[in-house]
Each structure stands twice: as structure tokens, then as C-alpha cells.
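Colleague:
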Amino acid sequence: MARTVAEILISIDDVETLKLLHIQRGNLLDHDLHNEEFPLTLAISHQARKCIDYILSLKPKAQSFLIRRKYNCPISAAIRRNDVRTMEQLVTLEEFPYIVNKRITKSVSYIHLAVEKGRPEIVKILLQNGALVNLLDNNGNTPVHYVSDIPILKILIAHKARLDVVNNFDLTPIMSAAKDQRNSIYQYL
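When we follow UniProt numbering, the leftmost residue of the sequence shown carries the number 1, and every step to the right adds one.
#1: Counting C-beta neighbours from all protein chains within 10 Å, is the total for Val-166 16 or more, i.e. buried, or is it exposed?
#2: Taking the alpha-carbon positions, what's the Ile-174 to Lys-160 distance?
#3: Closest by CA to Arg-119, which one among Val-5, Glu-88, Arg-80?
#4: Going by alpha carbons, who is nearest to Asp-13 out of Pro-39, Ile-23, Gln-24?
#5: So what's residue 203 in DSSP terms, helix, strand or just coil?
#6: Less than 7 Å between C-beta atoms, sequence neighbours within five positions excluded: which residues of the same chain meet that for Arg-182?
#7: Quick check: the segment 46-66 against the segment 93-101, are at least 3 beta-carbon pairs closer than 8 Å?
#8: Compare the Cα-Cα distances from Ser-107 to each of Leu-90, Phe-169, Lys-50, Asn-138 and report the closest residue.
#9: Please report the distance separating the alpha-carbon of Thr-17 from that of Ala-114.
#10: Entirely within the UniProt repeat "ANK" (106-138) and at least 4 residues each: give me those alpha helix (DSSP H) ranges in chain order.
#11: Compare the C-alpha of Gln-47 against each of Val-84, Ser-57, Gln-187 and name the closest.
#12: Determine the direct distance from the alpha carbon of Asn-101 to that of Leu-135, and round the result to whole angstroms.
#13: Since Pro-143 contacts Ile-111 with CB under 8 Å, what's their CB separation in whole angstroms?
#14: Under 8 Å by Cβ, that's how I've got Ile-157 and Ser-184 pegged, so tell me the actual separation to the nearest angstrom.
#15: Per DSSP, what are the beta-bridge partners of Arg-103 in this structure?
Encoded structure:
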């Protein structure tokens, strides 16, 4: 697939030329690129800090992150890259509270993804900005069902995570930990 000019500029963190392109073409950064990737997602994936800061300075609409390819949205990319600085900026977007608990795939939400990926700082940021600690996925799992390390478990418990929630497979978080051989979690609980 051919790369667009914007994609190339972002991949090399050429923010000055990207600004000129944005001025010339109008509202370029609110739309998907040719490959349907958000420019902000691409910038996060490439860790193009200047482009990330520029795009966020334009105050993109967080609701637009949910239109297509939700798993590839900027928030998901920041979680996958463990980009705490960008996540701190994303939560300041005006519409963030409206999307923080939306599912990003058929099953999981941002908090589930952050827990699953083992991102304690991002878990804290999400919880401090409206993520529900006991949010259920399609299988009835809370984020605690996904936890695989003690620091994140402690964060979830400090935010009043319920340890008695039974998922669709009749498993509580402790039973899930035992089944999946997450021994440190099982022993801690």
C-alpha cells in the first residue's frame, strides 16, 4: 500500500512540513489517512514527539477515535507503546470522559487493555480520569481478571476493584489467576 505524504512526514517527525501541509489542505489531521490510520496513532506508533504534540495542540475530537479501527486509535496506541506522556495529554481532550469506558474491540475497554499489557502508570491515569475499575468485558471479566502483576493488582484494589465478580465462565479473578497459572496473583489474592 502506498504511503501518503502525511504518513511519511509523521514517520520522520517532520512537524514543520506537516504544519505546512495541514495549512494547505485544511483539516487534514482530523481525518483518517489513506490506510485508515489516524495521524495521531501513526505519530504515537513512530514515537514522533513533535508531531504528537502538534496534533494534540489542534485538540482532535476524541469521539472520532471510535469511528473505525478502534483498536488502532491513538489511546490504544499510547497504551501499547506505554507512552505515559501522550496518555497524560489524551485525557485532557474535551471528549475523553465520554469514550474512556467504551469497548475498543468486540470485548475489551482501554482499562482492560492497559491491565493486560501491564501498564501501571497508564492504569492509574485511566482510573483517575473516569475509567471504571469494575467495567465488564463481553465475557464478564473485570480488569482484575486480566491482571498479571502485583503492582497493577494493588492499584486496582486501591480503587475498590471487586474480587468477587464471577465472569461468564463462572470464574472469579482468583480462579482465573489459578487457571491461567498467574501464580503471583493467585498467591497474593
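All C-beta atoms, glycine included, are put in the ideal place defined by N, C-alpha and C.
None of the values given here were measured: they were computed from a predicted structure.
Modeller: Walking through what the data contain:
#1: Counting from one through the sequence shown, the residue named residue 166 turns up at place 166. With a 10 Å radius around the Cβ and a threshold of 16 neighbouring Cβ atoms, Val-166 comes out exposed.
#2: Locating residue 174 in the sequence shown gives position 174, counting from the first residue. Locating residue 160 in the sequence shown gives position 160, counting from the first residue. Distance between the alpha carbons of Ile-174 and Lys-160 is about 16 Å.
#3: In the sequence shown, residue 119 corresponds to position 119, counting from 1. Nearest neighbour of Arg-119 by Cα position, chosen from Val-5, Glu-88, Arg-80, turns out to be Arg-80.
#4: For this step, residue 13 is matched to residue 13 along the sequence shown. Comparing Cα positions, the closest option is Pro-39.
#5: Shown here, the chain extends from 1 to 189; a query on residue 203 therefore has no answer.
#6: As a first step, residue 182 must be located in the sequence shown, where it is residue number 182. Hits under 7 Å: Ser-148.
#7: With the cut-off at 8 Å, the segment 93-101 and the segment 46-66 touch.
#8: Position 107 of the sequence shown, counted from the first residue, corresponds to residue 107. Minimum Cα-Cα distance from Ser-107 among the listed residues Leu-90, Phe-169, Lys-50, Asn-138 corresponds to Asn-138.
#9: Within the sequence shown, numbered from 1, the residue matching residue 17 stands at position 17. Within the sequence shown, numbered from 1, the residue matching residue 114 stands at position 114. Approximately 33 Å between the Cα atoms of the pair.
#10: Runs of the alpha helix (DSSP H) lying entirely within the UniProt repeat "ANK" (106-138), each at least 4 residues long, are 110-117, 120-128 in chain order.
#11: If you number the sequence shown from 1, residue 47 lands on position 47. Across the set Val-84, Ser-57, Gln-187, the C-alpha of Val-84 shows the shortest separation from the C-alpha of Gln-47.
#12: One-based indexing of the sequence shown puts residue 135 at position 135. One-based indexing of the sequence shown puts residue 101 at position 101. Taking the straight line joining both Cα atoms gives about 8 Å.
#13: Residue mapping note: residue 143 aligns to position 143 of the sequence shown, counting from 1. Residue mapping note: residue 111 aligns to position 111 of the sequence shown, counting from 1. Sure, about 5 Å apart at Cβ, within 8 Å.
#14: What you label residue 157 is simply residue 157 of the sequence shown in a count that begins at 1. What you label residue 184 is simply residue 184 of the sequence shown in a count that begins at 1. Contact doesn't hold; Cβ gap of about 14 Å is too wide.
#15: Along the sequence shown, read from residue 1 onward, the residue named residue 103 stands at position 103. Paired residues: Ser-109.
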